[in-house]
DNA sequence: TGGCATCTTCGACATATGTAGTAGAATACT
DNA sequence: AGTATTCTACTACATATGTCGAAGATGCCA
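Residue numbers (the working numbering), protein chains in the order written: chain A, 82 to 207; chain B, 82 to 207.
This is the structure in structure tokens:
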């Protein structure tokens with residue numbers, strides 16, 4: 082389930098609060114994103130077609146709900162980035178993150194802690 | 082500098098070895114990606130237009146080189162993913178990674194080590 | 001009940017992306 | 001030199017994406 086950038090905007094708004102109407106969603110778009118009502122509707126229709134969102138009518142008005150969880154969506158976006166930009170492996174990404182100082186000290190310490198607790202369970206480098 | 086998926090394929094091959102001719106690049110594409118020679122050329126032209134790649138002739142044959150570093154490209158791809166799918170913050174991503182067990186034991190330990198060293202250098206570790 | 005406010009459904013359109021085929025110029029092989 | 005190979009420069013085209021506008025159906029308030 083690959084979402085386009087515009088679709089992510091819609092989904093983000095929908096995950097934030099749902100069920101929701103097209104208008105609800107429109108008002109929850111990031112400030113800066115100023116789409117016409119019909120643009121939102123178009124995106125929603127496409128998402129319904131893709132079965133990423135469900136739609137049901139409540140007296141002439143459509144009520145939408147996510148069918149794809151944010152987790153699933155994030156997983157596929159993440160995997161895509163990994164494959165396309167980091168040789169499909171976590172190693173290069175980790176390296177990159179540290180090199181680029183994407184983590185501040187607090188985050189690093191936090192991460193170390195979480196990692197420490199988790200490191201007994203084996204993971205998967207998919 | 083946003084690259085499309087197809088463009089990433091080309092760039093990956095180019096970063097791997099450059100300068101390179103279109104044919105060099107073609108042979109370095111991942112097995113599975115079977116593009117016609119002209120497709121590779123088209124992608125290269127577009128990348129040259131975007132100034133992501135430079136081109137110069139050596140007796141009727143074009144020699145290409147990356148103008149955008151892999152690091153820069155990764156940075157913008159990463160930032161895009163973060164903004165679009167993780168509320169633009171590292172926190173949610175870190176959480177996601179741990180939750181999804183994207184790291185195996187070895188990687189976690191490795192990460193802890195690197196983090197440890199980095200943190201000390203930053204003079205922040207408890 | 002007459003309208004205005006809202007929705008919905010369709011269609012439209014420009015640009016972006018993925019993928020190639022053609023034809024003619026340059027180069028290389030025999 | 002003649003021919004086969006390889007390049008380049010263009011053009012083409014289908015699908016994907018981003019953004020609406022128009023017109024008609026419905027709902028709500030004075």
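Glycine residues also receive a C-beta, built at the ideal position from the N, C-alpha and C atoms.
Please read these numbers as outputs of a predicted model, since none were measured by experiment.
Asked	Found
Below-8 Å beta-carbon distance, residue 99/A vs any chain B residue	no
Environment of residue 130/B [buried if 16+ CB atoms lie within 10 Å]	exposed
N- and C-terminal bounds of the alpha helix (DSSP H) containing residue 146/A	That residue, residue 146/A, is in no alpha helix (DSSP H); its beta strand (DSSP E) goes 142-147.
Beta-carbon proximity list for residue 199/B, same chain, < 6 Å, skipping 5 on both sides	Low confidence applies to residue 199/B: its pLDDT is 48, below 50, so where it sits in the model is not reliable, and the reading given next is rough at best. Around residue 199/B: no qualifying Cβ.
For residue 166/A, the first and last residue of its enclosing alpha helix (DSSP H)	151-166
Whole-angstrom C-beta distance between residue 162/B and residue 158/A, which should lie under 8 Å	6 Å
Members of the region 104-128 of chain A that neighbour chain B once the beta carbon cut-off is set at 8 Å	none
Counterpart residues of residue 138/B in DSSP-defined beta bridges	143/B
Three-way DSSP call (helix, strand, coil) for residue 101/A in this model	strand
Cβ of residue 89/A within 8 Å of any chain B Cβ	yes
Start and end residues, alpha helix (DSSP H) containing residue 181/A	Careful: residue 181/A lies outside any alpha helix (DSSP H) and carries neither H nor E.
Selection of the region 145-162 of chain A by Cβ proximity to chain B, strictly under 9 Å	151, 152, 154, 155, 156, 158, 159, 161, 162
Contacting residues, own chain, Cβ-Cβ under 6 Å from residue 135/A (five flanking each side not counted)	146, 148
Short CB-CB distance (under 8 Å) between residue 135/B and chain A	no
Interface partners of residue 143/A on chain B, CB under 9 Å	Those within 9 Å of residue 143/A in chain B number zero; the least Cβ separation is about 25 Å.
Partners in chain A for residue 181/B, counting only beta-carbon separations shorter than 7 Å	156
Three-state secondary structure (DSSP) of residue 85/B	coil
Integer-rounded CB distance, given that residue 110/A should sit under 8 Å from residue 116/A	7 Å
For residue 122/B, the first and last residue of its enclosing alpha helix (DSSP H)	118-130
Nonlocal neighbours in the same chain, by C-beta distance under 8 Å from residue 87/B, ignoring five residues either side	124
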